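In the working numbering, the protein residues as written are 10 to 109.
Glycine is no exception: its CB is placed at the ideal position from the N, C-alpha and C atoms.
Note that the structure is predicted; figures quoted are calculated from it, not measured.
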């Protein structure tokens, strides 16, 4: 789980989207981007996956559908800096339950 958090912190500045999220700034250099699914979480706790807006209760199902039959499963998280750390960890737990 710590690895996922580190990946989140390193790769979040690389991802750009039209979703209004205030991302925390990293002081380290970004890692090269890999292919994967980008999830954005807004300050009001809505989760954006591609062109869909969902809540946390649908996240596990959507991830299972997206990664069905795939061997390589990578998720990048962009979370608004105003979100509580505990909420982001909760989302990481849901991602892990989905088998990612």
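Q. Do the region 60-69 and the region 79-95 meet, that is, are 3 or more Cβ pairs less than 8 Å apart?
A. Taking one beta carbon from each stretch, the region 60-69 and the region 79-95 have fewer than 3 pairs nearer than 8 Å; the two do not touch.
Q | Segment limits, beta strand (DSSP E) that includes residue 5 | A | Only positions 10 to 109 of the chain appear in this structure, which leaves residue 5 out of reach.
**Q.** Delimiting residues of the alpha helix (DSSP H) encompassing residue 101
**A.** 94-106
Q) Skipping 5 residues on each side, what residues in its chain have a beta carbon closer than 8 Å to that of residue 76? A) Excluding positions up to five away in sequence, the list reads 46, 82, 107, 108, 109.
Q: Helix, strand or coil for residue 55, going by three-state DSSP, please let me know.
A: coil
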